[in-house]
Structure formats: structure tokens, C-alpha cells
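Trainee: Top to bottom, those sequences are chains A and B.
Numbering-wise (this note's numbering), the first sequence opens with residue 1 and increments by one.
Numbering-wise (this note's numbering), the second sequence opens with residue 1 and increments by one.
Cβ atoms here follow ideal geometry from the backbone N, Cα and C, with glycine treated the same way.
Here you go, one structure.
2 protein chains.
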Amino acid sequence: MTGYRDIKEAVLRRIHAGEWPPGALIPSEADLAAEYGTARGTANRAIRELAETGLVERRRRAGTRVTHRAGRSALVAIPIVRAEIEAAGRRYGYALLDRRIEPGDQRHIGRLDPQAGAPVLALTCLHLADGEPHQLEDRLIGLDVVPDARDVDFTATSPNEWLVRAVPYSRSEHIFSAATPTEDDRGRLRLRPDEPVFLIERRTWLGAKPVTWVRLAHPGARYRMASRDHDAA
Amino acid sequence: MTGYRDIKEAVLRRIHAGEWPPGALIPSEADLAAEYGTARGTANRAIRELAETGLVERRRRAGTRVTHRAGRSALVAIPIVRAEIEAAGRRYGYALLDRRIEPGDQRHIGRLDPQAGAPVLALTCLHLADGEPHQLEDRLIGLDVVPDARDVDFTATSPNEWLVRAVPYSRSEHIFSAATPTEDDRGRLRLRPDEPVFLIERRTWLGAKPVTWVRLAHPGARYRMASRDHDAA
DNA sequence: GAGTGGTCTAGACCACGTT
DNA sequence: ACGTGGTCTAGACCACTCC
Numbered sequence: 001m002t003g004y005r006d007i008k009e010a011v012l013r014r015i016h017a018g019e020w021p022p023g024a025l026i027p028s029e030a031d032l033a034a035e036y037g038t039a040r041g042t043a044n045r046a047i048r049e050l051a052e053t054g055l056v057e058r059r060r061r062a063g064t065r066v067t068h069r070a071g072r073s074a075l076v077a078i079p080i081v082r083a084e085i086e087a088a089g090r091r092y093g094y095a096l097l098d099r100r101i102e103p104g105d106q107r108h109i110g111r112l113d114p115q116a117g118a119p120v121l122a123l124t125c126l127h128l129a130d131g132e133p134h135q136l137e138d139r140l141i142g143l144d145v146v147p148d149a150r151d152v153d154f155t156a157t158s159p160n161e162w163l164v165r166a167v168p169y170s171r172s173e174h175i176f177s178a179a180t181p182t183e184d185d186r187g188r189l190r191l192r193p194d195e196p197v198f199l200i201e202r203r204t205w206l207g208a209k210p211v212t213w214v215r216l217a218h219p220g221a222r223y224r225m226a227s228r229d230h231d232a233a
Numbered sequence: 001m002t003g004y005r006d007i008k009e010a011v012l013r014r015i016h017a018g019e020w021p022p023g024a025l026i027p028s029e030a031d032l033a034a035e036y037g038t039a040r041g042t043a044n045r046a047i048r049e050l051a052e053t054g055l056v057e058r059r060r061r062a063g064t065r066v067t068h069r070a071g072r073s074a075l076v077a078i079p080i081v082r083a084e085i086e087a088a089g090r091r092y093g094y095a096l097l098d099r100r101i102e103p104g105d106q107r108h109i110g111r112l113d114p115q116a117g118a119p120v121l122a123l124t125c126l127h128l129a130d131g132e133p134h135q136l137e138d139r140l141i142g143l144d145v146v147p148d149a150r151d152v153d154f155t156a157t158s159p160n161e162w163l164v165r166a167v168p169y170s171r172s173e174h175i176f177s178a179a180t181p182t183e184d185d186r187g188r189l190r191l192r193p194d195e196p197v198f199l200i201e202r203r204t205w206l207g208a209k210p211v212t213w214v215r216l217a218h219p220g221a222r223y224r225m226a227s228r229d230h231d232a233a
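The following block contains the structure:
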């Protein structure tokens, strides 16, 4: 029995073998289906999944081409910090360091980008593993979009966990970087001299409205983020 | 017309609205199909895609449940450095700094993990943007798996580009981290004092055999890696 | 206009795991 | 045993875009 996985692997192999170099047109779904003796739906699923990884590009009428700049992609899981710590067999600790409500203004541009004048909830908290600082979280929440956040007791629940449960979002964006820590980072994460921080910045929207911005700082020398691969063969 | 996207959004909304809290069972494909007046295949695709993002978990006979710890995931594109630089409108430059062939031994454990005694090609090269150091590449290639690499002129072609074109792989793994630069990093990337490096380490296999290991170091203060989102609504 | 991908349908069989 | 998801089929209609 030929399945969509078989077709996917076969096409992947033929691309890697050089049969279809970058830029080349691969056979249409109908031709692939005929060649492998399946329904078109089966070939469709195979090639659709290859397109999702970026290996090929599809356009109606124009057909399916092998992508030129074969960048690789990786699926990075960004765990909830509590789960990450507990999964490592360590004791999770949490502290709310600061909570303010600010009018949305210049300070938030490029981060939350709130509507002019809309109030912003600014939180700073620390996540610990076995009592040792693990992640420093600076967060902005748009109270116009998420009014309920005003009344949540964030000394008991971390904003991450509350938001995941309470607030839907439709789009998010991440930036990963290495940085020299700020003075705050240095003190709160108890960094060694010269130790950098690994930063994850995430912005989240519901439709066009910004929901939350967060900066997650990890001690660089003690943090690595791994990914499973995304291409497959 | 109700499409798989409609069902996907509807289910997403109902989960976020609290109708099905984490751990709850959502209706079977057949029930959803009946509810929304579609074929089962349509409901299948909707829920399958939600499962791919990790929002729900599916098991035969047991049904589909809302995931408990809904970690988020992001799809990170790792571009070929040349394309990345040229896409930014900068001039690409490349230099091979070092090339050695070494017997596979202790030094490579945890990186390439070559078969005992198999020769390893070790390359160091620098990628520049407008003449400024952009990425320092340290690479190991298993010559037992990729014998052709021995005869390639890597002063003309960067190993990244050659490998992408010439060698298939079946699995890869990435680690992202922030680090204090080594003395080599500092000199070759012309780092400012206290400037950290952003590291990408990638290991690639063909079946069970290690193909290549690479460490890509970027000046932290000048490098950010962005991702598109992977969850969708 | 015609060929390509995008999607849906109604049905089917099977694998799997819970009961 | 039986209900669930996993997949395939053969056909269909449509949207898009190149010619």
C-alpha cells in the first residue's frame, strides 16, 4: 500500500538525489498520483506537507517548484517555565517583584504598541528552580484588550499561566537573542561577572490588537534551548 | 460553506472560551462533522492541525483532549548566511580560516560523534556583511559519511552551501544559547568588550550516521533571530 | 482557455486501545 | 467488542494564474 508518507519520502529522496534541483518543477499532483498509483488526495497531502516545511513552493497553475534558498527550519518548543523546571525534576519557585499600571505611552512603543492612552499592566516576576533564579519575566499586558488582568492576583499565579488559560490569541512573534545583561538582570538573576543572558521576546495579538509583550531573560551559561527538527526523511 | 479552517477556529474559540478546559474531551470527528455539517475528512483536517500545534492531543479510541500544559511553539527559519546577508541588502564576504583533517577521537565526542578512527574534516570560516564579521562557523564533517568533502575547495564555496546542495540528511537537531565568547570568537568576530555571542549548534544525521556538526557564533549585540508563529487562529 | 493546486464529499477499511 | 482516530478512494467543483 502506498501512503502519503511514502510519496513524501520518495519525492524528498529524488530532490536530494538531484533529480529536481532548486528551481525545478516537480510533477503535478495528478502525475504523482498516477506514478505511485494513489488517489490525488494522497499525493496532495504528501506535497502539501513538504511545502509546509519550505522545501518546495506551490502556486496554482504554475505548479510546484523546489525552493531555491533551502534554509532549514526548526520547530522550537517554548515551554511554560514551571513545566520546564518540574520536568527537570527541580522544585519550582515563583515571586512577583513588581506590579504597576501605566498609561500606554512612548515607553511601550515597539513592544506592546498599545492604543494611545490605553492602560498597560506592567509586571516583573522571577521564576526559580531549586531556589536558584531561572528566568526573569518582564511583561506588559494591554488592559484594553484584557481587562480581567487588572483584578488577578499575580502573587499567586504567574502571568504566563494565567494568560495561557484565560486569553486567546491569534498570532505571535518571537525574537531570540544574546545580550549583555542590564543591572537589573545581573542582580535579579544573580549572574556571574561577564555572564550573558539569553533573551526570548514574544509579542502576541488577538486579531489586530496587541495582547501582551514579554521579555524572558535566562542566565546564558546555564540555559540552552533545543529543538526537534522540522524537515523529515 | 463550512471549511476546515472554520472548524479549526470554532474549536479554538470554544477551548479558549473555557467550554473545554485543559484535560477535557472534545467531541469526536464524527460529532463535529455532524455539528458543522461537513464530511468527516474536513473535521479531521481541522483537529489534526490543532494537534500539530500541540493544543490538543489525540489517541485512538480515547478521543481528543485539550492539552494540559499548553507550551507554545515557534517555527524558526535558519537561513543560509549568504542569503540572509544579501536579503538585508549587504555585501556578502567569506573567508576560510582553517582546514584540517583529524582522526575521529575524543575531541569530537558530543559533537560529531564519529565512528572510532573515522577521519573528520574540521573547518573554520568567517562570513562577513559589508566587510564586518557576521558569523563564525566551526564545522566538523564525517569523511566516512561524506567522502566527497575531502576534495572540495572550501576557499571558494562555503561548507554550508556545498552541503545543502550535495548531501542529504534525514534528521537534525539545534541548540540555541547565549555564551561568553572564547578568545578566538573575540578576535575573529571583533567583539566589543563584554559583548556576548549568540550560538546556534546544529547536528545532522543521515539515518544513524552523523553527517556534520556546526557551531555558528554571532555577535550578540548585533544579531537577533526572529520566528513566525506556529499556533494560528 | 486550460492546467494547476485547494478543498470538500461520502464512503470505506483498518489500527489501535479502552472497556 | 466497539468506538475512536488514521488514512485512502474516486469524484467533484472551484480559484487562481499563466498562456
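Assuming the contact rule is C-beta atoms closer than 8 angstroms, B:Ala221 and B:Glu195 should be a hit. Round their C-beta distance to whole Å, please.
Mentor: At roughly 5 angstroms, the Cβ-Cβ gap stays under 8 angstroms, so B:Ala221 and B:Glu195 are in contact.
Trainee: Could you check the C-alpha separation between A:Leu126 and B:Ile200 for me, to the nearest Å?
Mentor: The straight-line gap from Cα to Cα measures roughly 26 angstroms.
Trainee: Look up A:Ile47 in the DSSP assignment and give the residues it is bridged to.
Mentor: Bridge partners of A:Ile47: none, in fact.
Trainee: Residues of chain A with CB under 9 angstroms from B:Tyr223, in chain order?
Mentor: Chain A residues near B:Tyr223: Ser177, Ala178.
Trainee: If contact means a Cβ-Cβ distance below 7 angstroms, which residues of the segment 174–206 of chain B contact chain A?
Mentor: Here the close residues are His174, Ile175, Phe176, Ser177, Ala178, Ala179, Thr180, Asp194, Glu195, Pro196, Val197, Phe198.
Trainee: Assuming contact is defined by CB atoms lying nearer than 8 angstroms, are A:Ile101 and A:Tyr92 in contact in what I supplied?
Mentor: Cβ atoms of A:Ile101 and A:Tyr92: not closer than 8 angstroms.
Trainee: Pairs of beta-carbons, one from the segment 200–219 of chain B and one from the segment 172–179 of chain B, closer than 8 angstroms: are there three or more?
Mentor: Verdict: yes, contact present.
Trainee: Among the candidates B:Leu136, B:Val211, B:Ala166, B:Arg150, whose CA atom is the shortest distance from the CA of B:Leu191?
Mentor: Here the closest residue by C-alpha is B:Leu136.
Trainee: Give the straight-line distance between the Cα atoms of B:Ala87 and B:Ile80, rounded to the nearest whole angstrom.
Mentor: Roughly 11 angstroms separates the two Cα atoms.
Trainee: Along the chain, where does the alpha helix (DSSP H) that runs through A:Leu12 open and close?
Mentor: Residues 4–16.
Trainee: May I ask you to list the residues that DSSP assigns as paired with B:Tyr94?
Mentor: Bridge partners of B:Tyr94: B:His127.
Trainee: In three-state DSSP terms, what is B:Pro133?
Mentor: Strand, per DSSP.
Trainee: Can the beta-carbon of A:Gly117 be found less than 8 angstroms from the beta-carbon of A:Pro133?
Mentor: No, they are not a contact pair.
Trainee: Enumerate in chain order the residues of its own chain whose CB-to-CB distance from A:Arg14 is below 7 angstroms, with the five nearest sequence positions on each side excluded.
Mentor: These residues qualify, in order along the chain: Trp20.
Trainee: With H, G and I counted as helix, E and B as strand and the rest as coil, what does DSSP make of B:Ala42?
Mentor: Residue identity differs from the one stated: residue 42 of chain B is Thr in this sequence, not Ala. In the structure shown, B:Thr42 sits in a helix (DSSP, three-state: H, G or I).
Trainee: Is A:Ile78 close to chain B? Criterion is C-beta to C-beta, closer than 8 angstroms.
Mentor: Yes, A:Ile78 counts as interfacial toward chain B.
Trainee: In the DSSP assignment, the alpha helix (DSSP H) including A:Pro159 goes from what residue to what residue?
Mentor: First-last of the alpha helix (DSSP H) with A:Pro159: 159–166.
Trainee: Indicate whether at least one CB of chain B lies closer than 8 angstroms to the CB of A:Ala74.
Mentor: Chain B, which has a Cβ nearer than 8 angstroms to the Cβ of A:Ala74, makes this yes.
Trainee: Could you tell me if A:Ala17 is buried or exposed, where buried requires 16 or more neighbouring beta carbons within 10 angstroms of its beta carbon?
Mentor: Answer is exposed; the Cβ neighbour count stays below 16.
Trainee: Measuring CA to CA, which of A:Val11, A:Ala83, A:Arg215, A:Glu57 is closest to A:Asp138?
Mentor: Among A:Val11, A:Ala83, A:Arg215, A:Glu57, the Cα nearest to that of A:Asp138 is on A:Arg215.
Trainee: Could I get the ranges of all uninterrupted alpha helix (DSSP H) runs contained in the segment 161–230 of chain A, with 4 residues as the minimum, in chain order?
Mentor: Here the runs fully enclosed are 183–188.
Trainee: Considering Cα atoms alone, identify which of A:Tyr94, A:Asp148, A:Asp130 is closest to A:Pro119.
Mentor: The option with the nearest alpha carbon to A:Pro119 is A:Asp148.
Trainee: Less than 8 angstroms between the C-beta atoms of B:Thr64 and B:Gly3, yes or no?
Mentor: Their beta carbons are not under 8 angstroms apart, which means B:Thr64 does not touch B:Gly3 by this criterion.
Trainee: Starting from A:Glu35 and walking both ways along the alpha helix (DSSP H), at which residues does that stretch end?
Mentor: Note, A:Glu35: alpha helix (DSSP H), 29–36.
Trainee: Give a yes or no on whether the C-beta atoms belonging to A:Ala51 and A:Arg40 are separated by under 8 angstroms.
Mentor: Result no, Cβ atoms of A:Ala51 and A:Arg40 do not sit closer than 8 angstroms.
Trainee: Are any of the Cβ atoms in chain B nearer than 8 angstroms to that of A:Ala226?
Mentor: For A:Ala226, the answer is yes, since a Cβ of chain B falls inside 8 angstroms of its Cβ.
Trainee: Please tell me whether A:Arg90 and A:Leu121 are closer than 8 angstroms, where the distance is taken between their beta carbons.
Mentor: No; because the gap between Cβ atoms is not below 8 angstroms, this pair is not in contact.
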